[in-house]
Amino acid sequence: MSINLIVCHDRSGGIGYNNSLLSHQSEDLKRFKRLTLNNYVLMGSKTYESIGKLLPKRHNIILSRNKKYKVAPGGFVRHSFEEVIKEYKLNNNEQELFICGGSDVYKQAIPYVDKMYITIIDHKFENVDSYFPEFDMDEWETVDYEKHPADENNEYDYWFITYKRK
Ligand SMILES: NC(=O)c1ccc[n+]([C@@H]2O[C@H](COP(=O)([O-])OP(=O)(O)OC[C@H]3O[C@@H](n4cnc5c(N)ncnc54)[C@H](OP(=O)(O)O)[C@@H]3O)[C@@H](O)[C@H]2O)c1
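Count along the sequence shown from 1, add 365, and you get the number used in our numbering.
Now the structure itself:
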């Protein structure tokens with residue numbers, strides 16, 4: 366049982382624009398899939414709508430305050446962040462929980478998170494309207510740090526960083 370957060374942001378912390386991702390770098394998408402597959406994923410209704418479908422082979426939980434909010438069959442809607450955490454802990458799950466955004470949900474999640482999987486794209490995008498929240502670096506230790514150069518499938522250099530709560 367572990368509560369994780371996964372995000373890809375640019376040099377200024379930007380994560381999205383117009384309810385879309387800023388970048389679709391192949392290695393980041395592969396890492397996201399590898400880590401989240403067969404686990405629980407939690408996202409806000411806006412992120413769900415921007416993806417436009419449930420993530421296959423994962424237990425999808427979508428947050429909305431709208432009691433009538435519907436998602437595709439197989440997905441679960443919950444109406445409070447605390448309810449999701451309580452339920453996840455009660456199930457004493459072997460599967461991990463991954464908080465997948467967006468900005469609004471990340472902000473609420475950080476105090477509950479054990480591990481953060483962060484991809485930083487070494488570029489500053491011009492159009493950004495969603496940001497990853499600031500967090501206190503003193504509370505986190507770096508357990509993994511990899512720098513990768515751009516290539517034919519990844520337009521910009523990028524870092525994979527994993528932080529664990531101290
Ligand atoms: N780069 C990345 O790694 C990454 C990852 C994910 C998303 N994104 C980007 O982030 C942007 C979207 O972020 P966002 O902050 O606008 O939206 P969001 O966090 O995806 O969704 C916000 C919505 O979630 C629901 N919600 C949030 N907290 C809740 C709570 N405590 N209880 C019940 N419902 C709750 C509400 O839905 P209702 O309005 O339905 O009540 C709220 O309007 C997009 O641009 C997306 O592409 C980037």
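For each residue, glycine too, the CB sits at the ideal point set by N, CA and C.
It should be emphasised that the depicted structure is a prediction, and the values quoted were computed from it without experimental measurement.
Kindly list the residues whose CB is nearer than 6 angstroms to the CB of residue i, restricted to its own chain and excluding five residues on each side of it in sequence; keep chain order.
| i | result |
| --- | --- |
| glutamine 460 | Asn404 and Tyr405 |
| leucine 420 | Val406 |
| glutamate 447 | none |
| glycine 378 | Tyr496 and Phe497 |
| asparagine 508 | A small correction: the amino acid at residue 508 is valine; asparagine does not occupy that position in the sequence shown. Cβ within range, chain order: Thr527 and Lys529. |
Once the 5 residues before and after residue i are set aside, which same chain residues still bring their CB inside 8 angstroms of it?
| i | result |
| --- | --- |
| asparagine 519 | Gln390, Ser391, Glu392, Asp393 and His513 |
| glycine 439 | Leu419 and Asn425 |
| arginine 396 | Tyr482, Thr484 and Phe525 |
| lysine 454 | Met366 |
Can you name the residues that DSSP bridges to residue i?
| i | result |
| --- | --- |
| aspartate 375 | Ile486 |
| leucine 407 | Ile426 and Ile464 |
| phenylalanine 525 | Thr484 and Glu511 |
| valine 442 | Ile427 |
| arginine 530 | Trp505 |
| aspartate 479 | Beta-bridge pairing links aspartate 479 to no other residue. |
| isoleucine 416 | None, per the DSSP bridge assignment. |
| aspartate 516 | Asn519 |
Rounded to whole angstroms, what's the CA-CA distance from residue i to residue j? Just pull it up for me.
| i | j | result |
| --- | --- | --- |
| tyrosine 450 | asparagine 457 | One point to set straight first is that residue 450 is isoleucine, not tyrosine, in the sequence displayed. Straight-line Cα distance between these residues: approximately 11 angstroms. |
| lysine 480 | lysine 529 | 5 angstroms |
| asparagine 369 | threonine 527 | 10 angstroms |
| isoleucine 380 | isoleucine 371 | 11 angstroms |
| phenylalanine 531 | glutamate 452 | The sequence given here places lysine at residue 531; phenylalanine does not occur at that position. Cα-Cα distance, rounded: 25 angstroms. |
| isoleucine 427 | asparagine 384 | 16 angstroms |
| histidine 374 | tyrosine 382 | 12 angstroms |
| glutamate 414 | tyrosine 434 | 11 angstroms |
Who are the Cβ neighbours of residue i in its own chain at under 7 angstroms, not counting the five residues just before and after it?
| i | result |
| --- | --- |
| alanine 515 | Tyr521 and Asp522 |
| lysine 422 | Leu402 and Asn403 |
Any beta carbon from chain C within less than 9 angstroms of residue i's own beta carbon?
| i | result |
| --- | --- |
| valine 478 | Considering every chain present, this structure includes no chain C. It has just one protein chain. |
Discussion item. Using 8 angstroms as the cut-off, can you tell me whether the stretch 466-483 makes contact with the stretch 491-511, which would need three or more C-beta pairs spanning the two stretches below that distance?
Written reply: In short, these stretches touch, since the Cβ pair count reaches three.
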